[in-house]
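**Q**
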Amino acid sequence: MTIELVYLTVFWSIAYLLAIFHAVRFKRHAIPAFSVSLNFAWELVALVYYFEPIDIVWTILDAVIVLCLVKELIREKNKHLFDYCCCFLIYGVICVLCFNRPFPGQMTGYVFLSFFMDLLMAINFWWEYRKKHHINIITIMVALFRMLGDAVAWLIYRHITTVFILGSVIFVLNVAFLAFVSYECFVQKRMKRSTVSIYTKTIKEEEK
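Oh and the sequence shown: position 145 is 174 in the working numbering, straight run, nothing missing.
(1) Can you say whether A92 is buried or exposed, counting buried as having 16 or more other CB atoms within 10 angstroms of its CB?
(2) Does the Cβ-Cβ distance between A62 and V171 come in under 8 Å?
(3) Which residue marks the beginning of the alpha helix (DSSP H) containing H163, and which one marks its end?
(4) Can you have a look at D112 and say buried or exposed, based on whether 16 or more other CB atoms are within 10 angstroms of its CB?
(5) Less than 6 Å between C-beta atoms, sequence neighbours within five positions excluded: which residues of the same chain meet that for A75?
(6) Excluding five sequence neighbours on each side, which residues of the same chain lie with their C-beta closer than 8 Å to the C-beta of V275?
(7) Count the other C-beta atoms from every protein chain shown that fall within 10 angstroms of the C-beta of I194, then say buried if there are 16 or more, exposed otherwise.
(8) Keeping to the same chain, check which residues put their C-beta closer than 8 Å to that of N68; ignore five residues upstream and five downstream.
(9) Spatial neighbours of H109 within its chain, please: C-beta separation below 8 Å, excluding the five flanking residues on both sides.
(10) According to DSSP, T137 sits in a beta bridge with which residue or residues?
(11) Below 7 Å CB to CB, which residues in the same chain sit around T88 once its five sequence neighbours on both sides are set aside?
(12) State the Cα-Cα distance for the pair F117 and A70, rounded to the nearest angstrom.
(13) Once the 5 residues before and after Y45 are set aside, which same chain residues still bring their CB inside 6 Å of it?
(14) Going by DSSP in three states, Y228 sits in which element: helix, strand or coil?
(15) Using CA atoms only, rank isn't needed, just tell me which of I199, G138, D179 is closest to N129.
(16) Kindly indicate which residue of I43, T38, V125 has the alpha-carbon position closest to the one of E81.
(17) Any idea what DSSP makes of N153, helix, strand or coil?
(18) Cutting at 6 Å between CB atoms, please list the residues of its own chain near S223, excluding the five before and the five after it.
(19) Exposed or buried, which one is R54 when buried takes at least 16 other CB atoms within 10 Å?
(20) Please state if the CB of H58 and the CB of L98 are separated by a distance shorter than 8 Å.
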């Protein structure tokens, strides 16, 4: 295993573990449901095709994330649970059909589908967090390690033109998203607390 693959394994494993911790601690998902459905489908197919130790570990971690997510969606009576199941099945079928097929640019379906999924996930994170809810230090850490994992994967396959373009777009989206959630968590919340504190102080002074 190369040093790049070690970093890739470590970064994504940390992201998964943080997502599980967030789901257990806050009863909320840190990775959007659509992204979870795509990722779990990809991991299951990768496990069947390659059956590497890391595929086993990631599939187990993904399964825990999926279990926590399904419990949350059922608890909240989310009407999109069936839609996410369909996304899982559809992307799973696409992966099965294309995983080992050659793609233009000297790459296999395995590589292309991985980066295509990462692009969809990067967009999905922006869509999920556009309402600025449940942003905290854990979701920021998930975003950080997901960004690092995607960046290492891009470095490994950057010699492929399609991957270079996709990876560059993904990296820009990930960096911008990390900056956004960090700003919302550390700057906006502090400003809101300061405003509330000043307002409360003013009210008390007027009452005196």
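Glycine residues also receive a C-beta, built at the ideal position from the N, C-alpha and C atoms. These numbers come from a predicted model, not from an experiment.
**A** The short version:
(1) By one-based count along the sequence shown, residue 92 stands at place 63. The residue in question, A92, is exposed, as its Cβ has fewer than 16 Cβ neighbours within 10 Å.
(2) Counting from one through the sequence shown, the residue named residue 62 turns up at place 33. Counting from one through the sequence shown, the residue named residue 171 turns up at place 142. Taking 8 Å as the Cβ cut-off, A62 and V171 do not qualify as a contacting pair.
(3) Taking the first residue of the sequence shown as 1, we reach residue 163 at position 134. For H163, no alpha helix (DSSP H) segment is defined, and its DSSP state is neither H nor E.
(4) Here the question's residue 112 lines up with position 83 in the sequence shown. Exposed is the call here.
(5) On the sequence shown, residue 75 is found 46 positions in, with the first residue counted as 1. Around A75: D84.
(6) In the structure as shown, the chain begins at 30 and stops at 237. Residue 275 is therefore absent and cannot be evaluated.
(7) As a position in the sequence shown, residue 194 is number 165, starting the count at 1. Counting Cβ neighbours within 10 Å, I194 comes out exposed, since fewer than 16 surround it.
(8) Translated into positions along the sequence shown, residue 68 becomes position 39. So the qualifying residues of the chain are I60, D91, M146, M150.
(9) Your numbering for residue 109 matches position 80 in the sequence shown. Excluding residues within five positions, the ones whose Cβ falls inside 8 Å are A62, L102.
(10) If you number the sequence shown from 1, residue 137 lands on position 108. The partner list for T137 (beta bridge, DSSP) reads P131.
(11) Sequence index remark: in the sequence shown, residue 88 carries index 59 (1-based). Counting only Cβ-Cβ distances below 7 Å, and skipping sequence neighbours, we find E72, L73, L76.
(12) Indexing the sequence shown from 1 puts residue 117 at position 88. Indexing the sequence shown from 1 puts residue 70 at position 41. Roughly 6 Å separates the two Cα atoms.
(13) Numbered from 1 along the sequence shown, position 16 holds the residue referred to as residue 45. Excluding residues within five positions, the ones whose Cβ falls inside 6 Å are L90.
(14) Reading the sequence shown from its first residue, position 199 is the one you call residue 228. With a pLDDT of only 35 at Y228, under 50, the local geometry of the prediction cannot be trusted, and the value read off the model is given with reservation. Here Y228 sits in helix by DSSP.
(15) Position 100 of the sequence shown holds residue 129. Among I199, G138, D179, the Cα nearest to that of N129 is on G138.
(16) Position 52 of the sequence shown, counted from the first residue, corresponds to residue 81. When only C-alpha atoms are compared, the closest one is T38.
(17) In the sequence shown, the residue the question calls residue 153 occupies position 124. Helix at N153.
(18) Residue numbering aside, residue 223 sits at position 194 when the sequence shown is read from its first letter. Because the pLDDT of S223 is 43, which lies under 50, any placement of that residue in the model is unreliable, and the question is left without a value.
(19) Residue 54 sits at position 25 when you count from the first residue of the sequence shown. Flag for R54 reads exposed.
(20) Indexing the sequence shown from 1 puts residue 98 at position 69. Indexing the sequence shown from 1 puts residue 58 at position 29. Cβ distance < 8 Å, so L98 and H58 count as in contact.
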